[in-house]
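Those protein sequences? They're chains H and X, same order as listed. Under the working numbering, the letters of the first sequence match residues 14 to 427, in that order. Under the working numbering, the letters of the second sequence match residues 14 to 427, in that order. Don't be surprised by glycine CBs; every beta carbon is placed ideally from N, CA and C. Take a look at the structure set out below.
2 protein chains.
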Amino acid sequence: MFKKLISLDEAKQIIAKNISSRPVGKEIVQLKRVFNRILAEDLVSTLDVPPFDRSTVDGYTVKAADTFGADEDHPRALKLYGQVRIGESPKVSIKKGTTAEIVTGAPLPDGADAVVMGEYTFQKENTVWVLTSVSSGKNVMRAGSDIQKGETVLRNEQMLGPYEIGVLAALGITNVEVYKRPRIAILSTGAEIIEPGNPLPPGKIYDINAHALTAAVIECGGKPINLGIVEDESQTVETTLKKALSTADAVITSGGVSVGPTDIIPKILDKLGKPGVIIEGIAIKPGKPTTVALVDEKPVFSLPGHPTSALSIFQLLVRPLIVAWAKRPAEEPRMVSAITGSKLYAARGRRTFVTVHLTKDESGRYVATRVPLGLSGAITTLSKADGFIEIPETQQFIDEREDVIVHLYKPRLP
Amino acid sequence: MFKKLISLDEAKQIIAKNISSRPVGKEIVQLKRVFNRILAEDLVSTLDVPPFDRSTVDGYTVKAADTFGADEDHPRALKLYGQVRIGESPKVSIKKGTTAEIVTGAPLPDGADAVVMGEYTFQKENTVWVLTSVSSGKNVMRAGSDIQKGETVLRNEQMLGPYEIGVLAALGITNVEVYKRPRIAILSTGAEIIEPGNPLPPGKIYDINAHALTAAVIECGGKPINLGIVEDESQTVETTLKKALSTADAVITSGGVSVGPTDIIPKILDKLGKPGVIIEGIAIKPGKPTTVALVDEKPVFSLPGHPTSALSIFQLLVRPLIVAWAKRPAEEPRMVSAITGSKLYAARGRRTFVTVHLTKDESGRYVATRVPLGLSGAITTLSKADGFIEIPETQQFIDEREDVIVHLYKPRLP
């Protein structure tokens with residue numbers, strides 16, 4: 014195994030060629046838990062909605078033909094044969110010259126094809142005088158007018174929001190087949206990191222990455238399994254990775270494991286299964302020490318220890334895969350065009366990401382200004398920044414007031 | 014109490030005047046559950062991150078002054094005084110003419126102010142030859158360079174995404190004060206509705222609204238309490254509403270409760286507390302039978318039974334309040350401009366919402382075409398539609414190819 018830095022595009026190509034982007038699977042989820050999930054089947058209605066002709070008003074249900082020619086000067090007398098109640102099968106049927114009282118939402122009885130609103134009638138004992146003419150179907154919602162039996166009402170890959178959940182409920186469906194959320198195991202390594210919540214001993218820092226990456230995995234539709242900090246010892250890391258690979262669809266580690274001067278994670282990954290490491294090192298700043306492996310079909314992403322690097326590489330390389338595995342709609346690369354507020358320098362010979370803050374100038378254009386990041390994972394600064402600009406390996410700088418693409422950290426703009 | 018239909022704008026004014034939009038409260042949430050919540054405090058760092066000067070490379074830690082003038086032809090000899098390990102307090106201190114081995118991330122020992130990378134050194138027994146000159150601070154990440162003690166790192170009302178969660182972890186914070194998600198009780202009434210999952214008896218339809226509204230409440234940051242279907246009986250509705258008001262911050266009902274020809278929900282609401290009903294009926298199609306009440310400061314929204322009407326009124330009147338109670342960022346009214354694909358007619362004397370589907374014409378403009386809704390709650394159709402156009406009470410129609418505002422049901426566009 015030899016170590017060779019490759020470009021970001023090469024890394025993307027290697028990932029596209031070696032790592033499957035097929036969904037990880039399907040599962041049945043209860044209606045009440047299905048919000049924001051992705052439907053995994055075309056859904057064909059097994060019933061008419063509504064299942065019967067319904068009155069849309071309070072009034073009297075009639076044969077429309079019995080009312081033809083009726084107006085206030087020429088009312089028609091119909092014999093009242095009881096009442097149709099809501100939520101029940103009608104106990105009457107309407108014959109020529111008869112009617113029944115009906116309320117909004119109640120099913121039309123046999124023989125009836127229209128409803129006359131209460132205000133256009135006059136009832137006296139068992140006779141209802143109809144003061145208007147109605148056509149067949151008037152004030153009636155037909156069976157199947159919302160959804161017809163046999164109709165495809167929802168499609169495979171549709172996201173289930175309030176409206177789609179309404180459709181599922183309308184069909185009486187309580188178990189819904191959706192795509193599984195890919196399970197992503199997350200672990201942090203490094204002898205200097207400890208879990209937040211504990212007092213901070215000398216020489217230690219709190220683990221940031223496992224927490225930030227857990228949130229990032231949720232954000233793009235994955236199901237994080239946060240394994241926390243793994244002891245910085247070769248055998249423990251190997252055991253934890255094995256366990257992670259047996260329960261998760263993919264694994265993300267961050268931080269190196271140093272035994273002497275070298276990171277031993279690539280060695281462990283090569284040992285765990287085939288083909289092992291497929292990417293070791295990317296010519297990116299930040300993010301150089303990124304290792305990608307495939308262990309018996311399961312991908313492992315070993316991200317750098319610096320939080321900014323880890324999150325940037327996650328967004329660029331891992332997030333699109335999780336979105337695909339979850340069968341969520343492909344995300345627009347979240348970018349805006351802007352002009353640079355000052356000259357931006359690249360790191361020599363490496364693709365560089367410059368973190369920027371966006372403002373608007375008088376003409377409404379975005380101006381991207383560099384946010385100084387300091388030497389390392391300045392996560393505070395990153396949380397204030399709006400996005401980043403990529404300077405390719407071949408370019409030494411971007412001049413002031415040049416057009417650039419800004420990759421946004423969040424969809425919302427200032 | 015007299016019944017008077019008011020306009021949508023009047024309804025909005027009455028709501029703004031009577032119903033508080035203040036957040037419902039604050040609560041402490043664990044770091045691992047805090048994703049997508051809203052921070053309820055300014056957060057001031059109680060520590061430097063990192064808490065100590067760290068080496069950013071593997072090499073030898075030195076007093077920079079000891080290396081001045083060094084190059085390959087003029088190496089400087091330094092006495093090796095042991096090793097600084099990562100994650101531990103340094104056991105050595107660096108005096109003039111001495112050095113110690115150090116790894117990336119390890120704390121700088123007392124007396125040292127720079128690190129020479131391993132490749133610019135040559136070690137022989139207890140002597141390290143330095144082949145380059147380094148300035149003070151070289152290859153060192155200073156204490157507090159990410160976050161300084163006393164610095165305000167996150168602000169009240171900030172949404173907690175991966176980056177913000179990284180900041181919390183960096184500070185060792187595991188309990189976070191966030192705004193409470195408003196608890197919204199949801200119930201459906203109507204003698205004809207039954208819960209999905211049961212067989213459908215004659216005259217019945219499945220409840221749609223409780224399920225669709227539950228999802229809609231989650232979507233805008235509320236915490237739904239789905240009480241399901243309440244028996245269509247005055248005393249049961251009153252008891253359920255009382256219980257809902259005692260546990261939730263607001264209540265949404267849908268469907269009428271008909272005892273004879275009139276809806277009795279307004280009567281019950283007037284009875285439960287002061288001031289009672291503040292809106293009874295809005296001149297909107299769909300959505301006319303909308304009742305809004307305030308029962309001892311707690312709002313109750315009684316939405317129409319038709320799913321399209323219930324969801325439209327929810328989006329227009331209830332959603333902005335839930336967003337405010339949750340202290341989530343005010344949402345952009347989600348609209349686009351379009352031209353009408355055909356003439357659109359309004360319901361006489363009522364503000365009308367026409368559900369439309371959007372396509373793009375050759376010039377890239379959106380064209381809004383009416384989606385026929387049928388007589389009632391065509392929830393399937395609504396799930397296919399992109400949004401709606403509002404026709405004011407005073408207007409009878411909108412002509413073909415007129416400019417209109419389309420209210421989008423979802424942020425994503427075709």
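Checklist entry - Ends of the beta strand (DSSP E) at X/D416? => result The count along the second sequence starts at 1 and reaches residue 416 of chain X at position 403. Here the beta strand (DSSP E) through X/D416 covers D416 to L421.
Checklist entry - What in chain X is Cβ-close to H/G234, meaning under 7 Å? => result Along the first sequence, one-based indexing puts residue 234 of chain H at 221. Ordered by position in chain X, no residue passes the 7 Å Cβ test against H/G234, which lies about 13 Å from the chain.
Item to check | Cβ distance (whole Å) where H/T140 is taken to contact H/V57 below 8 Å | outcome: Along the first sequence, read from residue 1 onward, the residue named residue 140 of chain H stands at position 127. Along the first sequence, read from residue 1 onward, the residue named residue 57 of chain H stands at position 44. Their Cβ separation, rounded to whole angstroms, is 47 Å, which puts H/T140 and H/V57 out of contact at 8 Å.
Item to check | Member of X/A204, X/R89 and X/V419 whose CA lies at the smallest distance from the CA of X/S267 | outcome: Within the second sequence, the letter at position 254 stands for residue 267 of chain X. Answer by Cα proximity: X/A204.
Next on the checklist: Within a Cβ cutoff of 7 Å, which residues of the same chain sit near H/D79, ignoring the five residues on either side of it in sequence?
Outcome noted: What you label residue 79 of chain H is simply residue 66 of the first sequence in a count that begins at 1. Same-chain partners within the cutoff: R89, L91, K109 and G110.
Checklist entry - Going along the chain, which residues of the stretch 98 to 122 of chain H sit with their C-beta nearer than 9 Å to a C-beta in chain X? => result R98, I99, G100, E101, S102, P103, V116, T117, G118, A119 and P120
Next on the checklist: H/V37 and H/D309 - do their beta-carbons sit closer together than 7 Å?
Outcome noted: For the purposes of this step, residue 309 of chain H is identified with residue 296 of the first sequence, where counting begins at 1. For the purposes of this step, residue 37 of chain H is identified with residue 24 of the first sequence, where counting begins at 1. No; because the gap between Cβ atoms is not below 7 Å, this pair is not in contact.
Next on the checklist: Suppose you measure from the CA of H/R378 to the CA of H/T353; what does that come to, to the nearest Å?
Outcome noted: Counting from one through the first sequence, the residue named residue 378 of chain H turns up at place 365. Counting from one through the first sequence, the residue named residue 353 of chain H turns up at place 340. Looking at the two C-alpha atoms, the distance is approximately 11 Å.
Next on the checklist: Give me the chain H residues within the contact set of X/Y422, using Cβ-Cβ distance strictly less than 8 Å, ordered along the chain.
Outcome noted: Stepping through the second sequence from its first residue, residue 422 of chain X is reached at position 409. The answer, in chain order, is Y176.
Checklist entry - With 7 Å set as the bound, which would you pick, yes or no: does the beta-carbon of H/A225 sit closer than that to a beta-carbon of chain X? => result If you number the first sequence from 1, residue 225 of chain H lands on position 212. Closer than 7 Å to some Cβ of chain X, the Cβ of H/A225 qualifies, so yes.
Checklist entry - Between the stretch 130 to 142 of chain X and chain H, which residues of the former have a C-beta closer than 9 Å to a C-beta of the latter? => result G131
Checklist entry - According to the Cβ coordinates, are H/T227 and H/N211 closer than 7 Å? => result The residue labelled residue 227 of chain H in the question sits at position 214 within the first sequence. The residue labelled residue 211 of chain H in the question sits at position 198 within the first sequence. Taking 7 Å as the Cβ cut-off, H/T227 and H/N211 do not qualify as a contacting pair.
Item to check | Of the listed residues H/I207, H/S322, H/L144 and H/L184, nearest to H/I160 (C-alpha basis) | outcome: As a working note, residue 160 of chain H is residue 147 in the first sequence. With distances taken between Cα atoms, H/I160 lies closest to H/L184.
Item to check | CB contact flag (H/A182, X/I221, <7 Å) | outcome: Your numbering for residue 182 of chain H matches position 169 in the first sequence. Your numbering for residue 221 of chain X matches position 208 in the second sequence. Yes. Within cutoff.
Checklist entry - Any idea what DSSP makes of X/A391, helix, strand or coil? => result For the purposes of this step, residue 391 of chain X is taken as residue 378 along the second sequence, with counting starting at 1. Low per-residue confidence applies at X/A391: pLDDT is 47, beneath 50, and the placement is therefore not dependable enough to give any value.
Checklist entry - By DSSP, does X/A225 sit in helix, in strand, or in coil? => result Start at 1 with the first residue of the second sequence, and residue 225 of chain X comes out as number 212. Here X/A225 sits in helix by DSSP.
Item to check | Chain-ordered neighbours of X/P215 on chain H, where CB pairs are closer than 8 Å | outcome: Here residue 215 of chain X is taken as the residue at index 202 of the second sequence, counted from 1. Near X/P215 (Cβ distances below 8 Å), the residues of chain H are F65, E101, S102 and P120.
Checklist entry - For the beta strand (DSSP E) that X/G210 lies in, which residues bound it at each end? => result Here residue 210 of chain X refers to the residue found at position 197 when the second sequence is read from its first residue. Unbroken run through X/G210: none, as it is neither H nor E.
Item to check | Per-residue burial, X/R35 [other beta carbons within 10 Å of its own, 16 or more giving buried] | outcome: Here residue 35 of chain X refers to the residue found at position 22 of the second sequence. X/R35 should be labelled exposed.
Next on the checklist: I'd like to know if H/E190 contacts chain X, where contact means its C-beta is closer than 7 Å to some C-beta of that chain.
Outcome noted: By one-based count along the first sequence, residue 190 of chain H stands at place 177. False, the Cβ-Cβ gap to chain X never drops below 7 Å.
Checklist entry - Going by alpha carbons, who is nearest to H/A435 out of H/F410, H/V417, H/L330 and H/T74? => result In the structure as shown, chain H begins at 14 and stops at 427. Residue 435 of chain H is therefore absent and cannot be evaluated.
Item to check | Limits of the alpha helix (DSSP H) - the one that H/Q248 falls within | outcome: Indexing the first sequence from 1 puts residue 248 of chain H at position 235. H/Q248 -> alpha helix (DSSP H) spans S247 to T260.
Checklist entry - When the Cα atoms are used, what is the spatial distance from H/K104 to X/Y358? => result To locate residue 104 of chain H, count along the first sequence from 1; it is residue 91. To locate residue 358 of chain X, count along the second sequence from 1; it is residue 345. When rounded, the distance between both Cα atoms is 39 Å.
Checklist entry - For H/T304 versus H/I295, is the C-beta spacing smaller than 7 Å? => result The residue labelled residue 304 of chain H in the question sits at position 291 within the first sequence. The residue labelled residue 295 of chain H in the question sits at position 282 within the first sequence. Against a cut-off of 7 Å, the Cβ pair of H/I295 and H/T304 comes out as no contact.
Checklist entry - Given X/V380, which residues of its chain have a CB within under 8 Å of its CB, disregarding the five upstream and five downstream residues? => result Position 367 of the second sequence, counting from 1, holds the residue named residue 380 of chain X. Here the set comprises A351, I352, T353, G354, L371, T372, K373 and D374.
Next on the checklist: From the DSSP secondary-structure annotation, give me the bridge partner or partners of X/F135.
Outcome noted: Translated into positions along the second sequence, residue 135 of chain X becomes position 122. According to DSSP, which records beta bridges pairwise, X/F135 is partnered with X/W142.
Checklist entry - For H/I199, which option in H/L18, H/G216, H/H224 and H/Q43 has the closest C-alpha, if you only look at C-alpha atoms? => result Your numbering for residue 199 of chain H matches position 186 in the first sequence. Ranking H/L18, H/G216, H/H224 and H/Q43 by Cα distance to H/I199 puts H/H224 first.
Checklist entry - With which residues is H/K92 paired in a DSSP beta bridge? => result Counted from its first residue, the first sequence places residue 92 of chain H at position 79. Answer by DSSP bridge pairing, in chain order: H/T111 and H/T140.
Checklist entry - Which of the three DSSP states, helix, strand or coil, is assigned to X/F327? => result As a first step, residue 327 of chain X must be located in the second sequence, where it is residue number 314. Helix.
Item to check | For H/K236, the residue or residues it bridges with in DSSP | outcome: Your numbering for residue 236 of chain H matches position 223 in the first sequence. H/K236 is bridged to H/R196.
Item to check | Contact list for the stretch 28 to 45 of chain X against chain H, Cβ threshold 8 Å | outcome: L44 and K45
Checklist entry - Taking the beta strand (DSSP E) that H/E177 falls in, what are its first and last residues? => result Against the first sequence, residue 177 of chain H aligns to sequence position 164. Here H/E177 belongs to no beta strand (DSSP E); instead the alpha helix (DSSP H) covers P175 to A183.
Checklist entry - Span of the beta strand (DSSP E) holding X/E403? => result Sequence index remark: in the second sequence, residue 403 of chain X carries index 390 (1-based). From DSSP, the beta strand (DSSP E) with X/E403 extends over G400 to I404.
Checklist entry - Can we say the stretch 67 to 75 of chain X touches the stretch 245 to 256 of chain H, given the rule of at least three CB pairs closer than 8 Å? => result no
Checklist entry - Under 7 Å between the Cβ atoms of X/I32 and X/P312? => result Here residue 32 of chain X corresponds to residue number 19 of the second sequence, with the count starting at 1. Here residue 312 of chain X corresponds to residue number 299 of the second sequence, with the count starting at 1. Cβ atoms of X/I32 and X/P312: closer than 7 Å.
Item to check | Proximal residues to H/G286 (C-beta, below 7 Å), its chain only, five neighbours per side dropped | outcome: The residue given as residue 286 of chain H occupies position 273 in the first sequence. V308 and D309, listed in sequence order.
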